[in-house]
Amino acid sequence: MTETTFKITLGQLNPTIGDIAGNAAKARAARAQAKADGAALVALPELFIAGYPPEDLVLRPAFQAACREAIEGLARETSDGGPAMLIGTPWVDGGKLYNAYALLDEGRVAAIRFKVNLPNYGVFDEKRVFARGPVGGPLKIRGVRIGVPICEDTWVEESAEYENVVECLAETGAEILVVPNGSPYAKGKSDIRLSISVARVTESDLPLVYLNQVGGQDELVFDGASFVLNADRSLAAQLPAFEESIITLQWTRSAAGWHCNGPVAPQIDDDEADYAACVLGLRDYVRKNGFPGVLLGVSGGIDSALCAAIAVDALGAECVHGVMLPFRFTEQVSLDDAATLAKALGIRYDVLPIAPAVNGFEEILSGTFAGFPRDITEENLQSRARGTLLMAMSNKLGAMVVTTGNKSEMSVGYATLYGDMNGGFNPIKDIYKTEVFRLASLRNAWKPDGALGPSGEVIPPSIIARPPTAELRENQLDQDSLPPYELLDAILERLVEREEPLASIVADGFDRDVVVRVDRLLNAAEYKRRQAAPGVKVTRRNFGRDRRYPITNRFRDSGKPLPAPDENLVSRSGTVSAEAFEG
Numbered sequence: 001m002t003e004t005t006f007k008i009t010l011g012q013l014n015p016t017i018g019d020i021a022g023n024a025a026k027a028r029a030a031r032a033q034a035k036a037d038g039a040a041l042v043a044l045p046e047l048f049i050a051g052y053p054p055e056d057l058v059l060r061p062a063f064q065a066a067c068r069e070a071i072e073g074l075a076r077e078t079s080d081g082g083p084a085m086l087i088g089t090p091w092v093d094g095g096k097l098y099n100a101y102a103l104l105d106e107g108r109v110a111a112i113r114f115k116v117n118l119p120n121y122g123v124f125d126e127k128r129v130f131a132r133g134p135v136g137g138p139l140k141i142r143g144v145r146i147g148v149p150i151c152e153d154t155w156v157e158e159s160a161e162y163e164n165v166v167e168c169l170a171e172t173g174a175e176i177l178v179v180p181n182g183s184p185y186a187k188g189k190s191d192i193r194l195s196i197s198v199a200r201v202t203e204s205d206l207p208l209v210y211l212n213q214v215g216g217q218d219e220l221v222f223d224g225a226s227f228v229l230n231a232d233r234s235l236a237a238q239l240p241a242f243e244e245s246i247i248t249l250q251w252t253r254s255a256a257g258w259h260c261n262g263p264v265a266p267q268i269d270d271d272e273a274d275y276a277a278c279v280l281g282l283r284d285y286v287r288k289n290g291f292p293g294v295l296l297g298v299s300g301g302i303d304s305a306l307c308a309a310i311a312v313d314a315l316g317a318e319c320v321h322g323v324m325l326p327f328r329f330t331e332q333v334s335l336d337d338a339a340t341l342a343k344a345l346g347i348r349y350d351v352l353p354i355a356p357a358v359n360g361f362e363e364i365l366s367g368t369f370a371g372f373p374r375d376i377t378e379e380n381l382q383s384r385a386r387g388t389l390l391m392a393m394s395n396k397l398g399a400m401v402v403t404t405g406n407k408s409e410m411s412v413g414y415a416t417l418y419g420d421m422n423g424g425f426n427p428i429k430d431i432y433k434t435e436v437f438r439l440a441s442l443r444n445a446w447k448p449d450g451a452l453g454p455s456g457e458v459i460p461p462s463i464i465a466r467p468p469t470a471e472l473r474e475n476q477l478d479q480d481s482l483p484p485y486e487l488l489d490a491i492l493e494r495l496v497e498r499e500e501p502l503a504s505i506v507a508d509g510f511d512r513d514v515v516v517r518v519d520r521l522l523n524a525a526e527y528k529r530r531q532a533a534p535g536v537k538v539t540r541r542n543f544g545r546d547r548r549y550p551i552t553n554r555f556r557d558s559g560k561p562l563p564a565p566d567e568n569l570v571s572r573s574g575t576v577s578a579e580a581f582e583g
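In this text, residue positions in the sequence shown follow UniProt numbering: the first is 1, and each later residue adds one.
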């Protein structure tokens with residue numbers, strides 16, 4: 001067979017939900033690049049014209065119509081003889097709404113393919129808004145048959161509920177698989193994506209393009225990291241993570257099929273990837289929602305220090321305003337460390353003592369509180385005074401308040417409603433305290449590509465070394481109220497990420513009383529978490545999108561070994577047997 005070539009341009013781009021014109025402009029720019037590179041096809045990610053995930057916005061007829069109008073406008077532009085375009089869009093057909101992938105070519109919408117397998121777990125809720133599509137065959141583009149399974153169509157094995165879309169495409173003559181994705185970042189996700197894609201290549205003997213979007217959308221961060229696998233499962237190309245990229249790849253056809261050789265960008269993993277996700281998530285939340293910048297309370301502690309560094313890396317020092325809000329329990333070392341941090345980051349820094357506000361609140365409440373001992377109520381007045389002042393500054397200056405509580409604190413309720421929980425967004429909401437320490441040390445030695453903050457040591461080592469404290473009373477330490485964070489996080493990881501029964505955690509060597517106490521705190525804090533600001537998701541089970549518990553909930557794990565089900569009480573039809581009621 002005579003060798004032929006085929007060029008595909010991949011647009012790993014950052015859409016904004018609802019900015020249909022802006023998303024179309026990005027698609028248009030990618031096509032212009034594809035045309036300049038002599039490509040036959042430019043591909044964009046899943047639901048690109050709408051932004052992903054559009055949630056219930058996609059149910060609005062006006063939104064559906066606006067997306068279709070934009071797709072039709074892009075289709076008309078392909079009459080110039082340039083490359084065809086594959087682009088994700090919502091699409092109404094026969095009165096049903098589909099998650100679709102449209103082929104635009106020769107001035108028209110040449111073909112539509114629908115997502116078949118709809119995810120309905122974790123952060124995904126597509127069965128709620130989209131209809132299941134039929135399996136379609138490959139699309140013929142410049143003589144090449146391109147199969148377009150959409151995201152979940154490659155993630156699931158064939159079963160009574162799911163179709164094997166890739167197998168169908170291979171059997172109907174597909175030569176290359178182009179898979180548009182809206183796959184959000186989570187720790188360890190890149191290995192899972194690669195293994196799933198390798199499995200699809202193995203069963204189909206076809207090369208596969210995994211094309212993912214990039215950018216922040218509320219709590220979700222899409223990391224891009226698109227890649228191409230040849231039919232022999234070799235890595236043909238890899239795009240960078242956490243940044244936009246447009247790349248044109250040349251494919252060569254021989255008797256063995258299509259083969260691609262492209263650049264392989266270095267990838268980041270583990271703590272570095274988590275930090276980059278926090279930066280991108282905060283950057284896009286602030287910019288896409290139109291805030292001019294952010295402000296945050298800088299306490300001299302490690303959580304606010306890490307958030308300040310993330311904010312500067314995301315937005316630039318000129319867009320970050322740090323505020324120290326000291327009271328009589330604030331130690332001099334906290335004042336010194338906060339000032340050093342602000343200077344190292346180059347941010348505006350103000351010191352606003354809160355004693356007049358706290359004392360005023362206590363005076364107002366003195367009659368009502370007469371006869372009651374001082375307790376956590378007075379401690380929380382400090383936090384709430386700080387929260388009120390930060391929100392007042394936000395109202396006046398327009399900057400969004402960044403809240404700085406970590407996942408360990410959010411888990412057990414070690415935070416004050418309408419105090420340190422005040423704010424619009426939390427970049428470390430899904431970061432456990434032990435990881436906060438690691439990320440702070442990491443940032444002093446490294447920063448992600450594209451970070452706008454200074455290189456080198458920006459978080460004073462004394463902040464990292466100092467035992468955590470809320471400084472709401474004399475000589476207070478977090479471990480006065482909580483188990484040591486190394487222990488707490490190990491238990492929380494089992495309770496939150498793995499949903500393990502208490503008995504199995506105790507069996508792993510953890511003290512039963514500590515485990516029961518942590519579980520009690522976790523359950524009791526649900527009402528607080530429901531009122532917390534959104535924040536970047538980096539783990540498999542973040543609070544809100546993944547782990548959704550009722551606030552009113554009396555179930556508590558007793559900690560006893562789980563009883564085996566009594567199969568004698570259940571009939572084969574699944575109903576309780578009559579014998580169970582005899583006597």
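We put the CB at the ideal spot given by N, CA and C, even for glycine.
These numbers were taken from a predicted model, which means no experiment stands behind them.
Return yes when the Cβ of phenylalanine 543 is within less than 8 Å of the Cβ of methionine 421, no when it is not. It is not a contact, given that the beta carbons lie outside the stated cut-off.
If contact is defined by three or more beta carbon pairs under 8 Å, each pair taking one atom from either stretch, is the region 261 to 278 in contact with the region 235 to 246? When Cβ pairs closer than 8 Å are counted between the two stretches, the region 235 to 246 is seen to touch the region 261 to 278, the count reaching three or more.
Can you check DSSP and say which residues form a bridge with aspartate 93? Beta-bridge pairing links aspartate 93 to Lys96.
Rounded separation between glutamate 579 and leucine 569 - CA only: Only weak support is given to the placement of glutamate 579: the predicted model assigns it a pLDDT of 46, under 50, and the value that follows is read from those uncertain coordinates. Distance between the alpha carbons of glutamate 579 and leucine 569 is about 8 Å.
Counting only beta-carbon separations shorter than 8 Å, does serine 411 have a partner in chain C? Chain labels in this structure do not include chain C; a single protein chain is all it has.
Which same chain residues, not among the five before or five after glutamate 582, have their C-beta less than 7 Å away from its C-beta? Its pLDDT being 43, under 50, glutamate 582 is placed unreliably by the model, and nothing is read from it.
What residues are listed by DSSP as bridge partners for alanine 102? Answer is Ile87 and Ile112, bridged to alanine 102.
Considering Cα atoms alone, identify which of Lys140, Glu152 and Ala102 is closest to proline 125. In the sequence under discussion, the amino acid at residue 125 is aspartate, which differs from the proline named in the question. Selection Lys140, Glu152 and Ala102 evaluated against aspartate 125 yields Glu152 as nearest (Cα-Cα).
Under 8 Å: do the region 473 to 480 and the region 387 to 397 share three or more Cβ pairs, one atom per stretch? With the rule of 3 Cβ pairs closer than 8 Å, the region 473 to 480 does not count as touching the region 387 to 397.
Are proline 156 and asparagine 117 closer than 8 Å when you measure CB to CB? Looking at the sequence shown, residue 156 is not proline but valine. Yes, they are a contact pair.
What separation, rounded to the nearest whole angstrom, lies between the Cα atoms of proline 61 and alanine 236? Our two residues, proline 61 and alanine 236, have alpha carbons roughly 41 Å apart in a direct line.
Measure the beta-carbon distance from valine 264 to glutamine 238 and round it to whole angstroms, keeping in mind my assumption that it falls under 8 Å. Contact holds; Cβ gap of about 4 Å.
Is leucine 229 buried or exposed, if buried means 16 or more other CB atoms sit within 10 Å of its CB? So leucine 229 ends up on the buried side.
Beta carbon of isoleucine 17, beta carbon of glycine 73: below 8 Å? Not closer than 8 Å, so no.
Pair within 8 Å by beta-carbon distance, arginine 145 and alanine 174: A contact, by the Cβ cut-off of 8 Å.
Which one of Thr89, Gly360, Asp313 and Glu363 has the shortest CA to CA distance from residue 594? In the structure displayed, the chain extends from 1 to 583; residue 594 sits before or after that span and is not available.
Going by the C-beta, is glutamate 379 closer than 7 Å to any heavy atom of the ligand HEM? The ligand HEM is absent from the structure shown, which contains no ligands of any kind.
Among all the DSSP beta bridges, which residues are the ones paired with residue 584? Here the chain has residues from 1 to 583 only, and residue 584 is not among them.
Just reading off the alpha helix (DSSP H) that glycine 387 is part of, what are its end residues? Element bounds for glycine 387: 376 to 397.
Quick one: what does DSSP say alanine 237 is sitting in, helix, strand or coil? DSSP, reduced to helix, strand and coil, places alanine 237 within a strand of the structure shown.
In the DSSP assignment, what are the bridge partners of serine 245? According to DSSP, serine 245 bridges with Gln12.
Rounding to the nearest angstrom, what Cα-Cα distance links serine 577 and aspartate 511 in this structure? In this prediction, serine 577 scores a pLDDT of 48, lower than 50, which makes its location untrustworthy; the coordinate-derived value is nonetheless stated afterwards. Cα to Cα, the separation comes out at about 41 Å.
Quick check on DSSP: helix, strand or coil for valine 436? Valine 436 carries a helical assignment under DSSP once its states are collapsed to helix, strand and coil.
Nearest to asparagine 212 by alpha carbon, out of Asn181, Asp205 and Ser190? That would be Asn181, whose Cα lies nearest to the Cα of asparagine 212.
Is the region 534 to 548 touching the region 425 to 432, taking contact as three or more C-beta pairs under 8 Å? Using a Cβ-Cβ distance cut-off of 8 Å, the region 534 to 548 and the region 425 to 432 are in contact, since at least three pairs of beta carbons, one from each stretch, lie closer than that value.
Glutamine 217 - partner residues in DSSP beta bridges: Partner(s): Leu220.
On the criterion of 16 or more Cβ atoms from any shown chain inside 10 Å, does asparagine 289 qualify as buried, or is it exposed? By the Cβ-count criterion, asparagine 289 is exposed, with fewer than 16 other Cβ atoms from all chains shown falling within 10 Å of its own Cβ.
Rounded straight-line distance, which links the Cα of lysine 140 to that of leucine 169: Whole-angstrom Cα-Cα distance: 12 Å.
Residues in the same chain with beta-carbon distance under 7 Å from threonine 4, minus the five sequence neighbours each way, listed in chain order, please. For threonine 4, where only same-chain residues beyond five positions count, the Cβ hits under 7 Å are Arg253.
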